[in-house]
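Written out below as C-alpha cells is the structure these notes cover.
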Amino acid sequence: MSSTASINIPHLVVAGAEPWGHARPLCAFVARVVLNRPVYVTLFTTPRVCARVKTEISRWFGPEDAERHNLIRVVALDCLAEGASNFIEALELEHQRYVAAFEDAYKLIMAARPVTCFETKVEVLAVPAPKVVVIDFMAGRLTHTIHKISNAKAIAFACGMATFGYTFFAPSERSGRPNFKVKVLEEAARTGRDPLEIADDLGHTYTDDIIQNPGLPKMYHWENDPQQVGHMLKGILGGIWMGFADAYDSCDGMLITSPEVYEPHAIAATKEWFAESSRSVWAIGPLAPATTTEQAMSNEEAQSENSADIKKFLDSVLSKNGEHSAIYVSFGSGFWPSELSKLETFVDVLLEKKVPFILSYGSPLAQLTDSFKERVGQSGLGLLSRWSPQQTILSHQALGWFVTHAGHNSILEALQSGVPMICWPFHADQPANAVCLTEVHDVAYELLEVRTGNGLKPILRTGKAPVNTSEALRAEVNEVLDKAFGDDGAQKRVNVKKLQQKINSAWDKDGPAYVDMVRFLDTL
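Per the numbering used here, the very first residue in the sequence shown carries number 50; after that it's consecutive.
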C-alpha cells in the first residue's frame, strides 16, 4: 500500500500466548477486526505455533477478502528456551524470553520501524505506531512494558471465564475473597521471599472457604482444584496467576470472549468494577469461525494429520449408528489426567457399552500405555488422535457428546455447535464452567468420581465427597452415559440448541458482541 494509505489506516498491536485455548480466540479476534474495518494488525506469537496461527487466521478469509487478510502481520518472537531440563522449566524460560523480546520489538513498533519474524526471517513493513495494544491476560506483565515505553492503551484480552476472573482478582470488597496479588505482595514484604514463589504456593493452596461466584451456586474454595495439577503447573503457576492479576489491575480496558448470555452476572459485575476507574469492558464472544465455509473447515483440518481418518471414522459411525451416537474426549492442549487409570476405566465403559469415540491427546504430558492403545485399536470403536480438528468433530452429525476439561475455548465451541457436554474439569476456570453448564444452563453432566487430590473433599452443592474407587467411577460413568443417551440427555440437547441460538446471534447486526466490537474499534 502507499505511504499515504499506511498513515490513514490505524494500527493495532496484539501480544498473544502459546496455549492453543488462548491463541485460537486471538486469531478469531484479529480476523474479525480487519473484516470489520481496515486496520493494520501486528500479532506477536511464539515460533512453535506461528504456522498454526497463520493457518487458523486464514480460516476466516475467502479470495474476496485477500486485501483485508493482508493487513494482518504475524510475527514470531525469539523466545525459544535453550538448556531447559524439563517441560515446565522450558515454559517458564520461554515466557521470560517472550516478555524481553516483546519489549525490544515494541520499541521498534513505536518508532514506526519494521520488525522481523524470528520463525520466517521475513521483515514486516513499518506502519504508524499504535494507540492501542491488546495483550493476552496471561501475559499481563506486558501492561507495564507498554506503559513504560508509550502512551498507548493496554487492553487485556480475557479468553477465560469472566466469573473466574472476577472471583479471584476483583477487589476483596467486591469478590468477598482476599485479593490474590495483594496477599502475595504482603507475604513477600513480610518474609523477603520471591513474590513468584509465594504466588506459586498460593496458587496450589486451597481451603474450606465458601466462594460465591456471580450467578453460580456456592462452592468450597477447594472445588476449584478438582484434579492434581502439580505435575503440570508447579513452578509456573505463580507467574501465570500474577500475569492475570497484572492484567486486571493495570490494563486500560478489557475484551472478554464470553457471550453475555452465558455468564451475564459476572460480565455485568466486571463492567461495574472497571467503570469505577473509568475503564471499558467489551464482551465480544463467541469468537470461533463459522463452520459453514469451505476455507474455515479445510484450514482447520490442515492443522491435524489425522483429519482424513477422523472424518472417515465419523462418517462410518453415522452410517452404522446414526446421529448423535459418538463421543469426543479432549482435555485441551495442556491438561492430562494425573491418574491414567481413571481415564482407562472411563474408556473401558465406553467399550463395554459399544459407544464409538475419539480420544484426543494433545497435551505434551499425555501418556497412553501400549496395552491401552492396543485395546482401543482392536475394538473397532475408538480412534486415538494426537491433535484433532475440534470444530470439524463438533459439527459432525455423528457426534453426540463432548467429554471436556471445560476449558473456556472448548466449551464455547461446543455451545456454538449445539453439542452437550460431560465435564471433567482440572483447574482455573474449568470447575466454575462445569457448574455453570450443569447447574445454570442444564446442558451438561459432570463426572465427580474422576477427581483426585483436593477434588476428593466434599462438594458443597451435593454435600458428598467422591468415593474414589474404580467401582464407584465405573458406576458413575454407566449412569451418566445411560442418562446422556436417554430422555434426560435428549432434554439437555434441546437446552443446548436453545443456548446455541442465543450465543450465535450475539454477532448479528446490533447483537451485543457486534455492538461491543464496534465500540472497541472506535477507540483505535
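Note that CB positions come from ideal geometry on N, CA and C, so glycine has one too.
Using beta-carbon positions only, say whether residue i and residue j come within less than 8 Å of one another.
i      : j      : result
Lys403 : Leu430 : yes
Ile376 : Gly449 : yes
Val62  : Thr94  : no
Thr212 : Asp295 : no
Val90  : Leu120 : yes
Ile158 : Pro179 : yes
Ser187 : Ala66  : Strictly speaking, residue 187 in this sequence is Met, with Ser absent from that position. Going by C-beta atoms, Met187 is nearer than 8 Å to Ala66.
Leu464 : Ile407 : no
Ala521 : Glu498 : yes
Val366 : Met291 : no
Arg510 : Pro275 : no
Asn355 : Ser437 : yes
Val231 : Arg190 : no
Val398 : Asn544 : no
Leu530 : Pro515 : no
Met566 : Arg117 : no
Thr572 : Val181 : yes
Asn273 : Pro480 : yes
Gly225 : Gln261 : yes
Gly383 : Ser409 : no
So what does residue i bridge to, in DSSP terms?
i      : result
Phe384 : According to DSSP, Phe384 bridges with nothing at all.
Cys472 : Thr453 and Glu495
Ser409 : Ser379 and Ser434
Trp290 : Note: Trp290 sits in no beta bridge, so no partner.
Phe362 : For Phe362, which the question treats as bridged, DSSP gives no partner whatsoever.
Asp185 : Phe206
Met268 : Ile260
Ser329 : Gly302
Lys513 : Ile508
Ala173 : Ala is not the amino acid found at residue 173; the sequence shown has Val there. According to DSSP, which records beta bridges pairwise, Val173 is partnered with Val164.
Thr91  : Val62 and Arg122
Leu84  : Leu84 is not bridged to any residue.
Which residue comes first and which comes last in the alpha helix (DSSP H) that contains residue i?
i      : result
Leu304 : Element bounds for Leu304: not the alpha helix (DSSP H) but the beta strand (DSSP E), Gly302 to Ile305.
Ala317 : Pro313 to Ala324
Ser428 : Asp419 to Ser428
Lys103 : Cys99 to Ser107
Tyr563 : Pro561 to Leu570
Val233 : Phe229 to Thr240
Leu61  : Careful: Leu61 lies outside any alpha helix (DSSP H), inside the beta strand (DSSP E) at His60 to Ala64.
Thr192 : Leu191 to Ile198
Asp249 : Pro244 to Gly252
Phe534 : Note, Phe534: premise wrong, no alpha helix (DSSP H); not H, not E.
Gly371 : Neither: Gly371 is in no alpha helix (DSSP H) and is coded neither H nor E.
Since residue i contacts residue j with CB under 8 Å, what's their CB separation in whole angstroms?
i      : j      : result
Ala150 : Asp127 : 5 Å
His476 : Gly381 : At roughly 11 Å, the Cβ-Cβ gap does not stay under 8 Å, so His476 and Gly381 are not in contact.
Gly252 : His457 : Contact doesn't hold; Cβ gap of about 18 Å is too wide.
Leu286 : Asp258 : Actually they do not touch by this definition, with Cβ atoms about 19 Å apart.
Phe218 : Phe293 : 6 Å
Gly284 : Glu141 : 6 Å
Glu462 : Gln446 : That pair is no contact at about 17 Å.
Asn503 : Tyr255 : 5 Å
Ala493 : Ile508 : In fact, because the Cβ distance is near 16 Å, the residues do not count as touching under 8 Å.
Gly288 : Leu245 : 6 Å
With distances taken from CA atoms, which of the options is nearest residue i?
i      : options                           : result
Val176 : Gly189, Val278, Ala160 and Val310 : Ala160
Glu393 : Lys232, Lys422 and His373         : Lys422
Ile58  : Arg242, Pro87 and Asn262          : Pro87
Ser299 : Ala562, Thr306 and Thr194         : Thr194
Asn482 : Phe110, Val171, Pro263 and Glu172 : Pro263
Phe451 : Glu495, Lys283, Pro386 and Ile289 : Glu495
Ala524 : Leu417, Asp419, Phe395 and Gly560 : Phe395
Arg101 : Gly535, Ala125 and Lys558         : Ala125
Leu75  : Thr518, Leu92 and His60           : Leu92
Ala337 : Ser107, Asp571, Thr216 and Arg568 : Ser107
Ser466 : Leu570, Pro335 and Gln427         : Pro335
Cys485 : Ser327, Pro313, Thr501 and Asp536 : Pro313
Val330 : Ala203, Pro405 and Gly279         : Ala203
Ala372 : Val468, Pro474, Pro112 and Phe384 : Looking at the sequence shown, residue 372 is not Ala but Glu. The shortest C-alpha separation from Glu372 is found at Val468.
Trp322 : Phe384, Ala72 and Pro220          : Pro220
Pro405 : Lys361, Lys513 and Ser327         : Lys361
Gln416 : Arg500, Leu433 and Ser428         : Leu433
Ala154 : Val173, Glu143, Ala139 and Thr169 : Val173
Provide the residue span of the beta strand (DSSP E) that contains residue i, from first to last.
i      : result
Ser379 : Ala375 to Ser379
Phe213 : Per DSSP, Phe213 belongs to no beta strand (DSSP E); it is in the alpha helix (DSSP H), Ala211 to Phe218.
Arg122 : Ile121 to Ala125
Ala161 : That residue, Ala161, is in no beta strand (DSSP E); it is neither H nor E in DSSP.
Thr95  : From DSSP, Thr95 is part of no beta strand (DSSP E); its letter is neither H nor E.
Is residue i near the ligand ZN, going by C-beta to nearest heavy atom under 7 Å?
i      : result
Leu234 : Questions concerning the ligand ZN fall outside what the structure shown contains, since it holds no ligand whatsoever.
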